[in-house]
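Residue numbers (this note's numbering), protein chains in the order written: chain S, 86 to 263; chain C, 86 to 263. Just so it is clear, CB atoms sit at the ideal spot from N, CA and C, and this is done for glycine as well.
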DNA sequence: CGTTTTCAGTTGCAACTAGCAACCTAGTTT
DNA sequence: AAACTAGGTTGCTAGTTGCAACTGAAAACG
């Protein structure tokens, strides 16, 4: 690996969003609960009997997911006992992560496609593999990729697609290459 | 929700590759170690000082990742004390998962882009967001997605890439969560 | 109305896991 | 040989997981 990158890399490994993400989702049952939520479950007892998770752990995990803004928690009007848990936008945003993990498990652990299958509603074909792509959609493999410091990044492609535009960080966006 | 899907869904939620994936990667430090490995670290002491993880936990996690075939472990020829940990193909295959999680953290937790940034070596632009796509590459949002049972899946698009399958077509599926 | 059932949790307690600091062992350097 | 390194292991404490049994409030039943 590039020595120029090596030393700063050291300092910056800490400064990563991964720990923050794992703070919210790093516990054992979190992804399982999330998956159940994606599959349309909304109530405590549903999660409990579905996942076979201990009740206290489930209560704790649900509470944490609510705290982190991944689920909302509301008593239902029709039946005040029933709590309705629902994915927020932030929670839904975890779908690619969950699918990537699941696909990896299918390919490298279980060896077969899990059910139910997530399909494109339009043609009922299974979704494609979650992949790393360039800003303009080319599939990238490990050989196409490089770790770069913010100064060496070309940020000019950031304003073409619909991902939010308040990227004020990182930017002495020097044209490093080309 | 559709009752026709509901009952089978119950039985099948267990039969998912997610638990298998979490068995390998679900522990607290696993993704952090993986990330360090992606950043080019190879040795015990590097991981240790980089991540600030306890030595016994690190030893245990590295051992587990090796057991699961995510890392290889080899004594170096030049210095028999030094152990060289290296990502296997299976380990590298976790890159999309790790990036999806990281990107989610950037967008929803820390709010800024972490460093170092993964860029396309060709143009030094940051990689695009990890997204769910159809078999032919269209970006799919939550509204485009359905959970379907294997019988209801159209598998005819499966022969462009290396995933195995055979099933026929029918009809009954359910919109992805609500 | 009182009783029973259901839902979503708590509480108490045992077993297991994470984390720190100190120690160990084989291989390497001086 | 003595000292040093890399990569662990061990002992101990603090926290987490998990089961089972209990609670409390809202709904359903008779």
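- Counting along the chain, the unbroken beta strand (DSSP E) around residue 202/S starts and ends at 202-205.
- Distance from the CA of residue 123/S to the CA of residue 165/C, rounded to the nearest whole angstrom, comes to 49 Å.
- For residue 146/S, the enclosing alpha helix (DSSP H) stretches over residues 140-152.
- For residue 231/S, the closest Cβ of chain C is nearer than 9 Å.
- Per the Cβ contact rule, the region 186-201 of chain S is not in contact with the region 203-215 of chain C (fewer than 3 Cβ pairs under 8 Å).
- DSSP places residue 118/S within a helical segment (H, G or I) once states are collapsed to three.
- Non-local beta-carbon contacts of residue 214/C in its own chain, meaning distances under 8 Å to residues more than five positions away in sequence, involve 188 in chain order.
- Boundaries around residue 189/S are those of the alpha helix (DSSP H), 180-190, since no beta strand (DSSP E) includes it.
- The three-state secondary structure of residue 172/C, taken from DSSP, is strand.
- Distance from the CA atom of residue 154/S to the CA atom of residue 176/S, rounded to whole angstroms, is 7 Å.
- By the criterion of a C-beta distance shorter than 8 Å, residue 191/S is surrounded in its chain by 197, 198, 199, once the five residues flanking it on both sides are discounted.
- For residue 105/S, the enclosing alpha helix (DSSP H) starts and ends at 102-110.
- Check the Cα spacing between residue 145/S and each of 129/S, 135/S, 159/S, 134/S: the tightest is with 129/S.
- Residue 104/S sits away from residue 216/C, with the two beta carbons spaced by 9 Å or more.
- Taking CB atoms only, residue 116/S has a neighbour in chain C less than 9 Å away.
- The beta carbons of residue 111/C and residue 116/S sit closer together than 9 Å.
- Counted as a single uninterrupted DSSP element, the alpha helix (DSSP H) harbouring residue 136/S occupies residues 129-136.
- With respect to the C-alpha of residue 236/S, the residue from 204/C, 109/C, 171/C, 234/C having the closest C-alpha is 204/C.
- Taking CB atoms only, residue 191/C has a neighbour in chain S less than 9 Å away.
- With its beta carbon less than 9 Å from one in chain S, residue 227/C belongs to the interface.
- Cβ-Cβ separation between residue 156/C and residue 172/C: approximately 6 Å, consistent with a contact (criterion under 8 Å).
- For residue 199/C, there is no enclosing beta strand (DSSP E), since its DSSP letter is neither H nor E.
- Remark: C-beta atoms of residue 168/C and residue 143/C do not approach each other more closely than 9 Å.
- By the Cβ-count criterion, residue 224/S is exposed, with fewer than 16 other Cβ atoms from all chains shown falling within 10 Å of its own Cβ.
- Ranked by Cα distance from residue 202/S, the options 186/C, 219/C, 201/C are led by 219/C.
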